Structures are given as structure tokens and as C-alpha cells.
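Take a look at the structure below.
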Amino acid sequence: MAPSFLSRDLRIAPNGIYIDPPQPQVRAIITHGHADHARYGHGAVLATPDTVAIMKARYGENAAGRWDELPFGERRVIDGVAISLHPAGHILGSAQVLLEYEGQRIVVTGDYKRLDDHTAQSFELVKCDLLVTEATFGLPVFQHPKPADEIGRLLRSIAAFPDRAHVIGCYALGKAQRVISLLRESGYDAPIYLHGAMVKLCDLYEERGIPLGDLRLSLEATKVEMAGQIVIAPPSAIKDRWSRRLPDPVLAAASGWMSVKQRARQSGVELPLVISDHADWNELRQTITETEAETIWVTHGREDALVYWSQLQGLAAEPLRIEAYDDAGEEAE
Ligand SMILES: [Zn+2]
Ligand SMILES: [Zn+2]
0 MAPSFLSRDL RIAPNGIYID PPQPQVRAII THGHADHARY GHGAVLATPD
50 TVAIMKARYG ENAAGRWDEL PFGERRVIDG VAISLHPAGH ILGSAQVLLE
100 YEGQRIVVTG DYKRLDDHTA QSFELVKCDL LVTEATFGLP VFQHPKPADE
150 IGRLLRSIAA FPDRAHVIGC YALGKAQRVI SLLRESGYDA PIYLHGAMVK
200 LCDLYEERGI PLGDLRLSLE ATKVEMAGQI VIAPPSAIKD RWSRRLPDPV
250 LAAASGWMSV KQRARQSGVE LPLVISDHAD WNELRQTITE TEAETIWVTH
300 GREDALVYWS QLQGLAAEPL RIEAYDDAGE EAE
């Protein structure tokens, strides 16, 4: 393959635009609103309308010098490079970036998943020559169970402990709304209670057309009223003083990492729910194959196994090791 027009720090050579840069840059394309991808202080941000709305809500209108919304599927040509955004299925507005230049097609997936999710636009497979893929769960041990089965375990626990509240630790952007939506899909139409830190982004999802049903502030309910109820809270809140005002809470958490029993135990979680917003090992390999890319750059997570597997398929593959992407912070989904 010809030398790539994208460098290994995800800078597009012909126009100098970076994708998800960790430092403030003159121009940046942002794949989605999670904090390790969407940073404050770029001169100009090109992103989907949902991602722009999320960044403005979290960081303020002045978080970028200029906002440039590019809806899914539209092309923007900048210095000869055609840029288009395609759904990544990770959270609301999350995009893969397709770059086309002098006959070469490059896709940067950002974070993605292929499972159905009513709170994110569905993943779209984009064929390319060079694929830059995430690998958060890039090990054969990671094979995510069906989310509906995990929600079923939660509902059985609620039925078994009608006098207790269930507190579910969820990241505020994406996971909280997805868990609520999964509960609604399962037929759960009772009020769902929110920790105050969840309200702003749940409101934003609803404003942008994702219905979440009857949501209430847990602070406004009495301890007695909270028996048998579900509360969505940040992962850090489930163990602190905040949850002591709830009746004998069952501590739960929703994350792809909950398949690692030791992690669940360390965080004091009694009811781990394995609900991931990232592709698992099977989805990662399926995507590499289906894009028909001949060159694979692996970033963001457990890179080595996926690089090795790609090489066994006869592909040119290498790890990028961009340290700014974080799977221990907000991204621990
Ligand atoms: Zn993410
Ligand atoms: Zn990420």
C-alpha cells in the first residue's frame, strides 16, 4: 500500500487536522463526546451535531473557537481530503471518520460497538484500505453477554429484594441513558431515579430525540419511597455517603469491565452487569475482516492480541499506543 496520508498521531497530512487530539490543536475532528476523545480548547471542532451539542453541554459554548457540524454521511472536502462521518454505535452522535485522498480510503473508528442500542445511531460498516481500530476489549476473554440478559438479572434481583433500592453505577454520558433505555425496552415503566449528576445529559438525550420515560431526582424522594426502586448514579457515588440515604441499597454497576470479577469485587459491586459500549473480541475481528482493509492500526486498549491476530490473517498490523486514550477514567465502560 502507498504511504498513508494519516500519521500515527492521527494527523491528516494534507490539511493538518487531527482526529481526537489529546492537546489543543488549530483544527480537530472529534469522534464522540467522551472526555478522553473530546478535549477543551481546540481552534475549530468538526463533529456530528449530537457530539457538538454534548461538548457544548459539558464544557460550554466557548470550549472551541468554532463549531462545525457535519451530519452523518455528508462529505466535506478540505485541502483535497474528503471527510465524512459514519455512525459508530458507541454513544449518541459517535462517529467513525472516513478520509478519502488520492484514491486511498482510511477509516478511524473511534470507540464503537455493533450491538443494537436505541440511544446511539447504529454502527455502519465502512470499507477502507487502512483501518484504525480501537481495542478496549481486544482479548479473546472478552465476549460480552446479551444486554437484555443482564437487565433480566437486575429485574430478578429487584423482585427478590422488594424492600431494598438498587443503585446502578453508570458513566453519565452514554451508559446511564443506555441502561435506562434497556430497562424501558424490557417493559420496565416505573419511575427511574437519578443522582443529580445524571440529570443534564439525560435531559440532553431526551431533547435530541431519545425517550427515557419517567425520570425523577432521587433527592426528592423519601427513604421509604425508594424501596424497590432503581437509582442511576455515577460509579464513584455508589459507595459513598450519598447512597446511605437509600434503603439497604444493592450496589450494582453496568460496564464491560464487570466481566472481570476481580474488578467488580474491588469496587464493592454486589451485582455486576456486563453491559459494554465497546466492541468485544468477536466484533473487533468481524469488523477488521469486513472492512477488507489491508493495513490495521490498533489503538486504545489491549492492542497486541488484535495486532497478532491481524498479522495471522496476512494483514499489515501495528499498535499505535496513543496514551491519551484512557480506559481507566470515564472510558471504563
Ligand atoms: Zn468513548
Ligand atoms: Zn475512548
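Counted from 1, the sequence shown has number 232 at position 233 by numbering that gives the first Met the number 0; the numbering is strictly sequential. C-beta atoms are modelled at their ideal positions from N, C-alpha and C, and glycine is treated no differently. If you're wondering where the values come from, they're calculated on a predicted model, not measured in any experiment.
Element boundaries [alpha helix (DSSP H), containing residue i]
i              : result
isoleucine 157 : 146-159
proline 271    : Careful: proline 271 lies outside any alpha helix (DSSP H), inside the beta strand (DSSP E) at 270-272.
isoleucine 53  : 48-58
alanine 87     : Careful: alanine 87 lies outside any alpha helix (DSSP H) and carries neither H nor E.
leucine 200    : 198-206
alanine 263    : 260-265
Backbone secondary structure at residue i - three-state DSSP
i             : result
glycine 255   : helix
serine 185    : coil
alanine 331   : Any reading at alanine 331 must be qualified, since the residue scores a pLDDT of 46, below 50, and its modelled position is unreliable; the value itself is stated next. Coil, per DSSP.
alanine 81    : strand
isoleucine 16 : strand
threonine 288 : helix
aspartate 35  : coil
tyrosine 192  : strand
isoleucine 11 : strand
leucine 245   : coil
alanine 226   : coil
arginine 240  : helix
arginine 177  : helix
leucine 172   : coil
valine 44     : strand
Residue i: first and last residue of the uninterrupted beta strand (DSSP E) it sits in
i             : result
aspartate 67  : 63-68
alanine 316   : 315-318
leucine 211   : From DSSP, leucine 211 is part of no beta strand (DSSP E); its letter is neither H nor E.
isoleucine 28 : 26-28
Residues bridged to residue i (per DSSP)
i              : result
arginine 104   : Glu99
threonine 298  : Glu133
isoleucine 167 : Ile231, Ala251
Alpha-carbon spacing of residue i relative to residue j, whole angstroms
i              : j              : result
alanine 331    : glycine 15     : Below a pLDDT of 50, predicted positions are generally treated as unreliable, and alanine 331, at 46, falls in that range; no measurement from the model is reported.
glycine 186    : serine 180     : 10 Å
glutamine 261  : proline 20     : 32 Å
isoleucine 167 : serine 6       : 40 Å
glycine 102    : leucine 129    : 12 Å
isoleucine 231 : threonine 135  : 24 Å
valine 273     : serine 242     : 22 Å
alanine 159    : isoleucine 229 : 14 Å
Selection from the options that minimises the alpha carbon distance to residue i
i                 : options                      : result
valine 198        : Glu101, Ala263, Arg215       : Arg215
leucine 172       : Ala253, Leu153, His165       : Ala253
phenylalanine 141 : Glu206, Pro13, Val259        : Val259
lysine 238        : Ala94, Gly40, Pro161, Glu269 : Glu269
glutamate 73      : His85, His194, Ala63         : His85
Residue-level contact to chain B via CB, residue i, 8 Å cutoff
i             : result
aspartate 148 : Absent from the structure is chain B; it holds one protein chain and no more.
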